[in-house]
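What follows is a single structure, written as structure tokens, with notes after it.
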Amino acid sequence: MLKAEALIFNVDLEHFESKVLTASNDSPVLVDLWAEWCSPCLVIAPTLKKLIDEYDGRLKLAKVEVDAGENMKLAGHYKVRGFPTVLLINKGEEIARFSGAKPLSFLRNFIEENMSW
Numbered sequence: 838m839l840k841a842e843a844l845i846f847n848v849d850l851e852h853f854e855s856k857v858l859t860a861s862n863d864s865p866v867l868v869d870l871w872a873e874w875c876s877p878c879l880v881i882a883p884t885l886k887k888l889i890d891e892y893d894g895r896l897k898l899a900k901v902e903v904d905a906g907e908n909m910k911l912a913g914h915y916k917v918r919g920f921p922t923v924l925l926i927n928k929g930e931e932i933a934r935f936s937g938a939k940p941l942s943f944l945r946n947f948i949e950e951n952m953s954w
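This note's numbering puts the first residue of the sequence shown at 838, with every later residue one more than the last.
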């Protein structure tokens, strides 16, 4: 089993390509685009962590705080309209997304519907 810090990590615009897009060739990466002022962002964070724990190394979580540095450019690039927005990246491409705080059951279904393990 991989250490938690290898599975859940903060990423910025500068390292997004290597830590998310390239890394998604090895295992899918959820990208949590969030902001500190966003209540639903804070609500979904522990649920996303629990999901990553359940997938036991088969799925990673990259957290992008959109208000930090130039990270808002990532939100613009992916045409994000609200926060939180969670992207599922596999093989360097976005394959699905959702917005808002969702329950764990929704997150499990979201992964299973969009991934062929």
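All C-beta atoms in this analysis are idealised placements derived from N, C-alpha and C, irrespective of residue type, glycine included.
Distance CB(G919)-CB(S861) smaller than 7 Å: No, Cβ-Cβ distance for G919 and S861 is not below 7 Å.
Can you tell me whether T922 is buried or exposed, with buried defined as 16 or more other CB within 10 angstroms of its CB? Buried.
Run through DSSP, which three-state label would V901 get? In the structure shown, V901 falls within a strand segment according to DSSP collapsed to helix, strand and coil.
Give me the residue from L844, I845, H852 with the minimum Cα distance to E907. Answer by Cα proximity: H852.
Pick from I845, N951, E854, L879: whose alpha carbon is nearest that of G894? With distances taken between Cα atoms, G894 lies closest to I845.
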